[in-house]
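Please read the structure below before turning to the comments.
Residue numbers (this note's numbering): 82 to 595.
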């Protein structure tokens, strides 16, 4: 009997092993150096090449060991000690040890580090506050790393688990310098093979992965900007999975016996940022008028096909600390006209409206949304010229404040309100290249956010984050548009694919039925 069971298990494993999964997505990655990137298209590839010290559990916002098999903090929360797994190597054969971890994190933190000024700025290190909070990062011994903080930081351990703080190969960084982003080397379940810009990125299984070899041999990320074309390719068998279907195509997908629609409540926000460095958007009444001019319910119904809810706060209702007592600004074009007149613009004004060039989880079709918004704003006297660029250029220009009104959004990196509020609305994040692309600078908001991240008392943090949402509602630096569901469409031959609220680690577990 035992031999029969063993043979069955072996045969089952053998039948699952191998194959190439082709994943269709809306746009290409900007880069593959996790420390320098901030966009989801880059992160979803990086998540499979690299590991972090601690990881998020599958399908959860809870933590589990990563490259560190255990960790501990001092009672005051200032000293964090990580005990690394032994015997791990990077894809280029470099040993994973404390010195490699210190090199990787100090590259972002220490401005005198010989590879600090390589390829760009470390926007997450700055925007999460680690640049100000971290004091030192040191190797205690070969497999022990200690991070000393200047002040207690409640989300620290959850923050260190996010993609930008992945551990990179020191050997590869030294070899490639500015070009490391095109030659990524980590310790993750898949190794980088090839990148044809604008077309595809190819990864192959890491046979010696410390967490067990992936079942798949290869994963190919194909960039197909047109949502309809992606669906056609999925139906024809050229893809195994795709994201961001057109809402109009959902019924067709559900009626197709070969396809499966995966969905779950999202942890994201899609919004219009009004650049407060650009008059007349520095005028509160103008920003209020724009909020009253937009019919969010109609947008949700027609552009999201119900796969989302209107947003009124800068954090999603799936996240703790959400303040449901806030009442959204109602759709009222006449009130919008009145507010514009009171602001000194009785005949409206001209501005630019920047449209997302690629589908994102929070805004499925930027161009279609832009045309709706253009019509609604024209209805109250605001004439907009729609502007767009390729994804990388769009991000670069908005971070540098070249826009007037711009679409953007945020998907959670960690299950903490700080990840949304500090990155998107703090004064610190308004420094260029900015995460706060409204260039909203509020002393009251900054004070509340600093206090919230310096206490570990959950009830106090909830109260402070609800205060932050009240301040946001009063100052209206954005039009919060929608919280969308997380959606993926797969061929039913793809097995064991489970959505994750935060990261893109599921490729290591899935297999293709043959």
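By construction, the Cβ of each residue, glycine as well, lies at the ideal position given by its N, Cα and C atoms.
Please read all numbers here as calculations on a predicted model, not as lab measurements.
Query, Result
"Given residue 255 as reference, the closest of 241, 218, 195 once Cα atoms are compared", "195"
"Contact set for residue 201: own chain, Cβ-Cβ below 6 Å, skip 5 residues either direction", "117"
"Exposed unless 16 or more other CB atoms sit within 10 angstroms - verdict on residue 401", "exposed"
"Sufficient close CB pairs (3 or more, under 8 Å) joining the region 233-245 to the region 148-159", "yes"
"Residues sharing a beta bridge with residue 164, DSSP", "151, 225"
"Residue 532 in three-state terms, based on DSSP", "helix"
"At least 3 beta-carbon pairs within less than 8 Å: the region 367-380 vs the region 410-421", "yes"
"Opening and closing residue of the alpha helix (DSSP H) in which residue 185 lies", "179-190"
"Beta-carbon contacts of residue 123 that lie in its chain and below 8 Å, excluding the five residues immediately before and after", "110, 111, 112, 113, 115"
"Spatial distance of residue 493 from residue 222 (CA atoms)", "34 Å"
"Residue 473, DSSP secondary structure in three states", "helix"
"Secondary structure of residue 537, DSSP reduced to three states", "coil"
"Continuous beta strand (DSSP E) stretch holding residue 560: start and end", "559-565"
"Cβ-Cβ distance between residue 209 and residue 504 below 8 Å", "yes"
"Enclosing beta strand (DSSP E) for residue 241 [first to last residue]", "Segment: none, residue 241 is in no beta strand (DSSP E) and carries neither H nor E."
"7 Å CB neighbourhood of residue 306 in its chain, flanking five on each side removed", "107, 108, 439"
"Cβ distance (whole Å) where residue 165 is taken to contact residue 246 below 8 Å", "The Cβ separation is near 15 Å, so there is no contact."
"Short Cβ contact (8 Å threshold) for residue 398 with residue 566", "no"
"Same chain, Cβ closer than 8 Å to residue 349, neighbours up to 5 away in sequence not counted", "397, 442, 443, 490, 491, 492, 493, 564, 565, 567"
"As assigned by DSSP and simplified to three states, the class of residue 310", "helix"
"Span separating the alpha-carbon of residue 484 from that of residue 354", "9 Å"
"Secondary structure of residue 391, DSSP reduced to three states", "strand"
"Beta-carbon proximity list for residue 577, same chain, < 6 Å, skipping 5 on both sides", "590, 591"
"Supposed contact pair residue 321 and residue 103 - C-beta distance, whole angstroms, cut 8 Å", "5 Å"
"Three-way DSSP call (helix, strand, coil) for residue 332 in this model", "helix"
"Beta-carbon gap between residue 357 and residue 521 smaller than 8 Å", "yes"
"Counted within 10 angstroms of its Cβ, other Cβ atoms place residue 172 as buried (16 or more) or exposed", "buried"
"Beta-bridge partners of residue 486, as assigned by DSSP", "355, 434"
"Member of 149, 275, 583, 330 whose CA lies at the smallest distance from the CA of residue 446", "330"
"Bounding residues of the beta strand (DSSP E) (the contiguous stretch that carries residue 105)", "101-106"
"Nearest candidate by alpha-carbon position, reference residue 340, set 571, 583, 403, 579", "571"
"Sequence-distant residues of the same chain with beta carbon closer than 6 Å to residue 147, five excluded per side", "132, 133, 134, 135, 136"
"Cβ-based neighbour list, residue 282, same chain, cut-off 6 Å, excluding 5 preceding and 5 following", "126, 276, 302"
"Start and end residues, alpha helix (DSSP H) containing residue 326", "Unbroken run through residue 326: none, as it is neither H nor E."
"Any beta strand (DSSP E) of 3 or more consecutive residues that is wholly inside the region 367-411", "389-391"
"Local conformation of residue 82 per DSSP, three classes", "Low confidence applies to residue 82: its pLDDT is 49, below 50, so where it sits in the model is not reliable enough to give any reading."
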